[in-house]
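The opening position of the sequence shown corresponds to residue 1 in UniProt numbering, with each subsequent residue numbered one higher. Idealized CB from N, CA, C, for every residue including glycine. A quick note: this is a predicted structure, and the numbers were derived from the prediction, not measured.
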Amino acid sequence: MKQFFLMTLTLYCNLLFASKVELEILGAGGPEIDGMASSSYILWVDNEARLIVDMGSGSLLNFEKSGAKIETLEAVVLTHLHIDHCVDLPAFVKAGYFTSRRKSLDILGPDGGVMFPSTTAYVETLFGKNGAYRYMHDVLTPQSESFEIKPYDIKKRTSREYPSFKLSFIKVPHGPVPSLALKIDIQGKIIIISGDTNNESGMLEEFAKNADLFVADHAVPETAEGHATKLHMSPSIIAKIAKTANVKKVVLTHRMNRTLRVEQRSMMIINKIYSKEILFGEDRMKLKI
(Lines of atoms letter the chains of each structure in order from A and count residues from 1; the text may use other names and numbers.)
(Lines give C-alpha, C1' and ligand atoms only; values in the text may rest on other atoms or scores of the structure.)
Protein backbone atom coordinates (compact mmCIF):
# COMPACT_ATOMS: atom_id res chain seq x y z
CA MET A 1 0.00 0.00 0.00
CA LYS A 2 2.82 2.38 0.92
CA GLN A 3 4.62 1.63 -2.36
CA PHE A 4 1.43 2.30 -4.34
CA PHE A 5 0.97 5.61 -2.53
CA LEU A 6 4.54 6.67 -3.31
CA MET A 7 4.15 5.73 -6.98
CA THR A 8 0.90 7.69 -7.20
CA LEU A 9 2.47 10.69 -5.47
CA THR A 10 5.47 10.60 -7.83
CA LEU A 11 3.21 10.45 -10.88
CA TYR A 12 1.09 13.32 -9.55
CA CYS A 13 4.18 15.47 -8.90
CA ASN A 14 5.56 14.74 -12.36
CA LEU A 15 2.29 15.84 -13.92
CA LEU A 16 2.00 18.87 -11.66
CA PHE A 17 5.49 20.19 -12.31
CA ALA A 18 5.98 19.06 -15.92
CA SER A 19 6.96 21.86 -18.26
CA LYS A 20 4.76 22.99 -21.11
CA VAL A 21 6.50 21.88 -24.33
CA GLU A 22 5.47 22.96 -27.83
CA LEU A 23 6.97 22.96 -31.30
CA GLU A 24 6.06 25.93 -33.49
CA ILE A 25 6.47 25.84 -37.24
CA LEU A 26 7.87 29.18 -38.35
CA GLY A 27 8.12 28.10 -41.98
CA ALA A 28 6.26 25.20 -43.60
CA GLY A 29 7.27 25.93 -47.20
CA GLY A 30 10.25 25.36 -49.44
CA PRO A 31 12.36 27.53 -51.74
CA GLU A 32 9.48 28.76 -53.91
CA ILE A 33 7.61 32.07 -53.69
CA ASP A 34 4.33 30.60 -52.56
CA GLY A 35 3.08 32.61 -49.59
CA MET A 36 4.78 30.41 -46.99
CA ALA A 37 8.03 30.95 -45.13
CA SER A 38 10.80 28.43 -45.72
CA SER A 39 11.79 25.73 -43.24
CA SER A 40 12.11 26.74 -39.59
CA TYR A 41 10.93 25.57 -36.15
CA ILE A 42 10.99 26.80 -32.55
CA LEU A 43 10.98 24.58 -29.48
CA TRP A 44 9.04 26.30 -26.70
CA VAL A 45 9.47 25.31 -23.05
CA ASP A 46 7.19 27.04 -20.55
CA ASN A 47 6.47 29.79 -23.08
CA GLU A 48 10.14 30.54 -23.71
CA ALA A 49 11.90 29.82 -27.01
CA ARG A 50 14.76 27.41 -26.26
CA LEU A 51 15.79 26.05 -29.68
CA ILE A 52 15.49 27.13 -33.29
CA VAL A 53 15.90 24.58 -36.08
CA ASP A 54 16.67 25.94 -39.54
CA MET A 55 16.33 29.55 -40.64
CA GLY A 56 14.81 29.66 -44.09
CA SER A 57 13.56 32.86 -45.70
CA GLY A 58 10.76 34.50 -43.73
CA SER A 59 11.62 32.67 -40.52
CA LEU A 60 13.03 35.73 -38.75
CA LEU A 61 9.83 37.68 -39.34
CA ASN A 62 7.75 34.81 -37.96
CA PHE A 63 10.20 34.46 -35.06
CA GLU A 64 9.39 38.07 -34.19
CA LYS A 65 5.64 37.55 -34.63
CA SER A 66 5.75 34.51 -32.35
CA GLY A 67 6.99 36.61 -29.44
CA ALA A 68 10.18 34.54 -29.14
CA LYS A 69 13.26 36.16 -27.64
CA ILE A 70 16.82 35.58 -28.81
CA GLU A 71 17.93 35.91 -25.19
CA THR A 72 16.29 32.61 -24.13
CA LEU A 73 17.69 30.36 -26.88
CA GLU A 74 20.04 27.55 -25.88
CA ALA A 75 21.08 26.47 -29.39
CA VAL A 76 20.50 26.80 -33.12
CA VAL A 77 20.48 23.82 -35.50
CA LEU A 78 20.84 23.97 -39.27
CA THR A 79 19.87 20.61 -40.78
CA HIS A 80 21.70 21.50 -44.01
CA LEU A 81 22.92 24.51 -45.94
CA HIS A 82 20.45 24.83 -48.78
CA ILE A 83 19.37 28.47 -49.00
CA ASP A 84 15.79 27.74 -47.92
CA HIS A 85 17.09 26.39 -44.60
CA CYS A 86 19.75 28.90 -43.56
CA VAL A 87 19.45 32.23 -45.39
CA ASP A 88 17.98 34.17 -42.43
CA LEU A 89 20.90 33.31 -40.13
CA PRO A 90 22.91 36.52 -40.73
CA ALA A 91 19.80 38.67 -40.22
CA PHE A 92 19.10 36.77 -37.00
CA VAL A 93 22.63 37.39 -35.70
CA LYS A 94 22.37 41.08 -36.61
CA ALA A 95 19.02 41.35 -34.81
CA GLY A 96 20.65 39.78 -31.76
CA TYR A 97 23.04 42.73 -31.58
CA PHE A 98 20.13 44.88 -30.45
CA THR A 99 19.03 42.54 -27.65
CA SER A 100 20.32 42.08 -24.12
CA ARG A 101 21.80 38.66 -24.88
CA ARG A 102 25.44 38.29 -23.83
CA LYS A 103 25.76 34.52 -23.45
CA SER A 104 27.35 32.66 -26.38
CA LEU A 105 25.09 30.69 -28.73
CA ASP A 106 25.93 27.34 -30.37
CA ILE A 107 25.13 26.87 -34.05
CA LEU A 108 25.14 23.17 -34.93
CA GLY A 109 25.08 21.91 -38.49
CA PRO A 110 26.52 19.44 -41.00
CA ASP A 111 30.05 18.85 -42.11
CA GLY A 112 31.02 19.99 -45.60
CA GLY A 113 30.88 18.30 -49.00
CA VAL A 114 32.12 18.86 -52.55
CA MET A 115 29.61 21.62 -53.29
CA PHE A 116 28.87 22.75 -49.74
CA PRO A 117 30.92 24.27 -46.93
CA SER A 118 30.88 22.89 -43.44
CA THR A 119 28.83 24.82 -40.89
CA THR A 120 31.96 26.37 -39.41
CA ALA A 121 33.16 27.40 -42.89
CA TYR A 122 29.70 28.78 -43.74
CA VAL A 123 29.66 30.95 -40.62
CA GLU A 124 33.24 32.05 -41.33
CA THR A 125 32.19 32.99 -44.88
CA LEU A 126 29.46 35.17 -43.39
CA PHE A 127 31.20 36.76 -40.41
CA GLY A 128 34.93 36.05 -40.67
CA LYS A 129 37.48 38.84 -41.14
CA ASN A 130 37.25 38.26 -44.90
CA GLY A 131 33.58 37.31 -44.90
CA ALA A 132 30.58 38.88 -46.57
CA TYR A 133 29.60 40.65 -43.33
CA ARG A 134 33.12 41.24 -42.05
CA TYR A 135 32.00 44.39 -40.25
CA MET A 136 30.49 41.98 -37.69
CA HIS A 137 33.50 39.67 -37.36
CA ASP A 138 33.66 40.17 -33.60
CA VAL A 139 30.59 37.89 -33.21
CA LEU A 140 33.03 34.99 -33.63
CA THR A 141 35.01 36.08 -30.56
CA PRO A 142 34.31 36.24 -26.82
CA GLN A 143 34.95 39.99 -27.08
CA SER A 144 31.81 40.48 -29.15
CA GLU A 145 29.88 43.65 -28.39
CA SER A 146 26.71 41.55 -28.42
CA PHE A 147 27.16 37.77 -28.04
CA GLU A 148 29.54 35.20 -29.47
CA ILE A 149 28.24 32.60 -31.93
CA LYS A 150 29.98 29.22 -31.80
CA PRO A 151 29.56 27.04 -34.91
CA TYR A 152 30.08 23.27 -34.69
CA ASP A 153 30.25 20.67 -37.45
CA ILE A 154 28.34 17.43 -36.85
CA LYS A 155 30.55 14.82 -38.52
CA LYS A 156 29.00 11.59 -37.21
CA ARG A 157 26.12 10.24 -35.16
CA THR A 158 26.32 12.14 -31.91
CA SER A 159 24.39 13.79 -29.08
CA ARG A 160 24.62 17.06 -27.16
CA GLU A 161 22.96 17.99 -23.89
CA TYR A 162 21.57 21.41 -23.07
CA PRO A 163 19.77 22.61 -19.93
CA SER A 164 16.28 22.02 -21.36
CA PHE A 165 16.79 19.16 -23.84
CA LYS A 166 19.09 16.63 -25.46
CA LEU A 167 19.85 16.76 -29.19
CA SER A 168 20.85 13.70 -31.22
CA PHE A 169 21.94 13.75 -34.86
CA ILE A 170 22.35 11.31 -37.73
CA LYS A 171 23.49 11.98 -41.26
CA VAL A 172 20.77 11.42 -43.85
CA PRO A 173 21.00 11.22 -47.67
CA HIS A 174 19.94 14.35 -49.55
CA GLY A 175 21.64 13.92 -52.90
CA PRO A 176 25.05 15.65 -52.81
CA VAL A 177 24.04 17.85 -49.87
CA PRO A 178 25.38 17.02 -46.37
CA SER A 179 22.19 16.81 -44.32
CA LEU A 180 21.15 15.92 -40.77
CA ALA A 181 18.09 14.48 -39.09
CA LEU A 182 17.48 15.67 -35.55
CA LYS A 183 16.04 14.05 -32.44
CA ILE A 184 14.96 16.25 -29.54
CA ASP A 185 14.57 14.48 -26.19
CA ILE A 186 12.71 16.58 -23.67
CA GLN A 187 11.01 15.44 -20.46
CA GLY A 188 10.37 11.92 -21.70
CA LYS A 189 9.05 13.11 -25.07
CA ILE A 190 10.71 12.67 -28.45
CA ILE A 191 10.49 14.99 -31.46
CA ILE A 192 12.04 13.95 -34.77
CA ILE A 193 12.80 16.45 -37.54
CA SER A 194 13.74 14.50 -40.64
CA GLY A 195 15.53 17.34 -42.39
CA ASP A 196 15.56 17.02 -46.17
CA THR A 197 16.18 13.41 -47.17
CA ASN A 198 14.94 10.54 -49.32
CA ASN A 199 15.80 8.10 -46.48
CA GLU A 200 17.73 5.90 -48.89
CA SER A 201 19.91 4.83 -45.95
CA GLY A 202 16.85 3.51 -44.08
CA MET A 203 18.09 5.02 -40.82
CA LEU A 204 15.03 7.08 -39.90
CA GLU A 205 12.97 4.01 -38.95
CA GLU A 206 15.30 3.25 -36.05
CA PHE A 207 16.10 6.89 -35.24
CA ALA A 208 12.42 7.85 -34.96
CA LYS A 209 11.35 4.84 -32.89
CA ASN A 210 8.38 5.63 -30.64
CA ALA A 211 8.62 9.37 -31.32
CA ASP A 212 5.78 11.54 -30.10
CA LEU A 213 6.07 13.79 -33.16
CA PHE A 214 7.65 13.12 -36.56
CA VAL A 215 8.17 16.26 -38.64
CA ALA A 216 8.63 14.91 -42.16
CA ASP A 217 10.04 16.47 -45.32
CA HIS A 218 7.11 16.34 -47.79
CA ALA A 219 8.53 18.09 -50.85
CA VAL A 220 7.68 15.59 -53.60
CA PRO A 221 4.52 13.73 -54.63
CA GLU A 222 4.27 9.96 -55.02
CA THR A 223 4.69 10.34 -58.79
CA ALA A 224 8.06 12.12 -58.52
CA GLU A 225 10.84 10.89 -60.77
CA GLY A 226 14.48 11.65 -61.47
CA HIS A 227 16.60 14.03 -59.42
CA ALA A 228 13.82 14.96 -56.97
CA THR A 229 13.64 11.37 -55.68
CA LYS A 230 17.32 11.57 -54.70
CA LEU A 231 16.55 14.52 -52.45
CA HIS A 232 13.17 13.94 -50.81
CA MET A 233 10.79 11.28 -49.45
CA SER A 234 7.60 10.28 -51.22
CA PRO A 235 4.38 10.01 -49.16
CA SER A 236 4.63 6.21 -49.07
CA ILE A 237 8.19 6.36 -47.71
CA ILE A 238 7.07 8.80 -45.00
CA ALA A 239 4.21 6.45 -44.11
CA LYS A 240 6.46 3.38 -43.90
CA ILE A 241 8.88 5.20 -41.61
CA ALA A 242 6.03 6.37 -39.36
CA LYS A 243 4.49 2.90 -39.16
CA THR A 244 7.75 1.03 -38.61
CA ALA A 245 8.93 3.54 -36.01
CA ASN A 246 5.52 3.56 -34.28
CA VAL A 247 5.41 7.35 -34.11
CA LYS A 248 2.36 8.94 -32.52
CA LYS A 249 1.85 11.88 -34.88
CA VAL A 250 3.17 13.00 -38.27
CA VAL A 251 3.40 16.59 -39.48
CA LEU A 252 4.16 17.16 -43.17
CA THR A 253 6.24 20.25 -43.92
CA HIS A 254 8.49 21.62 -46.68
CA ARG A 255 5.30 21.85 -48.75
CA MET A 256 5.78 22.90 -52.36
CA ASN A 257 3.58 23.64 -55.37
CA ARG A 258 4.14 20.14 -56.73
CA THR A 259 2.76 18.63 -53.50
CA LEU A 260 0.13 21.25 -52.65
CA ARG A 261 -1.81 20.28 -55.77
CA VAL A 262 -2.11 16.64 -54.72
CA GLU A 263 -2.23 16.73 -50.93
CA GLN A 264 -5.52 14.85 -50.73
CA ARG A 265 -4.00 12.01 -52.75
CA SER A 266 -0.84 12.09 -50.63
CA MET A 267 -2.97 11.79 -47.49
CA MET A 268 -4.79 8.78 -48.95
CA ILE A 269 -1.47 7.08 -49.75
CA ILE A 270 -0.16 7.66 -46.24
CA ASN A 271 -3.41 6.53 -44.58
CA LYS A 272 -3.23 3.16 -46.33
CA ILE A 273 -0.01 2.44 -44.44
CA TYR A 274 -0.04 4.62 -41.32
CA SER A 275 -3.26 4.92 -39.31
CA LYS A 276 -2.44 7.55 -36.67
CA GLU A 277 -2.72 11.34 -36.76
CA ILE A 278 -1.34 13.23 -39.78
CA LEU A 279 -1.28 17.01 -40.17
CA PHE A 280 -0.14 19.36 -42.91
CA GLY A 281 2.14 21.97 -41.39
CA GLU A 282 1.29 25.66 -41.61
CA ASP A 283 3.30 28.77 -40.82
CA ARG A 284 2.89 29.65 -37.12
CA MET A 285 1.24 26.29 -36.31
CA LYS A 286 1.94 25.31 -32.69
CA LEU A 287 2.02 21.65 -31.71
CA LYS A 288 1.71 20.59 -28.09
CA ILE A 289 4.12 17.80 -27.21
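Check, Outcome
"Buried or exposed for Lys183, please, with buried defined as at least 16 other CB atoms from any protein chain shown within 10 angstroms of its CB.", "buried"
"With a threshold of 8 Å on Cβ separation, who are the neighbours of Lys69 within its own chain once the five nearest residues in sequence on each side are excluded?", "Glu48, Ala49, Thr99"
"Any idea which residues DSSP pairs Ile191 with across the strands?", "Ile184, Leu213"
"Suppose contacts are defined by Cβ-Cβ distances below 7 Å. Is Ala176 in contact with Met136 by that definition?", "Correcting the residue identity first, residue 176 is Pro in this sequence and not Ala. Against a cut-off of 7 Å, the Cβ pair of Met136 and Pro176 comes out as no contact."
"Between Asn246 and Asn199, is the Cβ-Cβ spacing less than 7 Å?", "no"
"Using 10 angstroms around the beta-carbon of Gly202, count the other beta-carbons present and answer buried if the total reaches 16, otherwise exposed.", "exposed"
"Taking the beta carbon of Thr10 as the centre, do at least 16 other beta carbons fall within 10 Å, making it buried, or is it exposed?", "With a pLDDT of 45 at Thr10, under the threshold of 50, the modelled position of that residue is not reliable, and the figure given next carries that caveat. Exposed is the call here."
"May I have the straight-line CA-CA distance separating Glu277 from Ile270, to the nearest angstrom?", "10 Å"
"Could you tell me whether the Cβ atoms of Phe207 and Val250 are closer together than 7 Å?", "no"
"Specify the secondary structure class of Asp106 as computed by DSSP and reduced to three states.", "strand"
"From the DSSP output, read off the bridge partner residues of Thr120.", "Beta-bridge pairing links Thr120 to no other residue."
"With 7 Å set as the bound, which would you pick, yes or no: does the beta-carbon of Thr72 sit closer than that to a beta-carbon of chain D?", "The chain labelled as chain D is not found in the depicted structure, where only one protein chain is given."
"What number of angstroms, rounded off, separates the C-alpha of Gly188 from the C-alpha of Lys129?", "43 Å"
"To the nearest angstrom, how far is it from the Cα of Glu263 to the Cα of Pro221?", "8 Å"
"Buried or exposed for Lys240, going by 16 or more other Cβ atoms inside 10 Å?", "buried"
"So Lys168 and Ser179 are in contact, right, with Cβ under 8 Å, and what is the actual spacing, rounded?", "Residue 168 is actually Ser in this sequence, not Lys. Contact flag wrong, Cβ pair sits at about 15 Å."
"Please report the distance separating the alpha-carbon of residue 290 from that of Val76.", "In the structure displayed, the chain extends from 1 to 289; residue 290 sits before or after that span and is not available."
"Applying the 10 Å Cβ sphere with the 16-neighbour rule, what's the burial state of Lys20?", "exposed"
"Rounded to a whole number of angstroms, what is the C-alpha to C-alpha distance between Gly58 and Glu64?", "10 Å"
"What's the gap between the Cα of Leu105 and the Cα of His80?", "18 Å"
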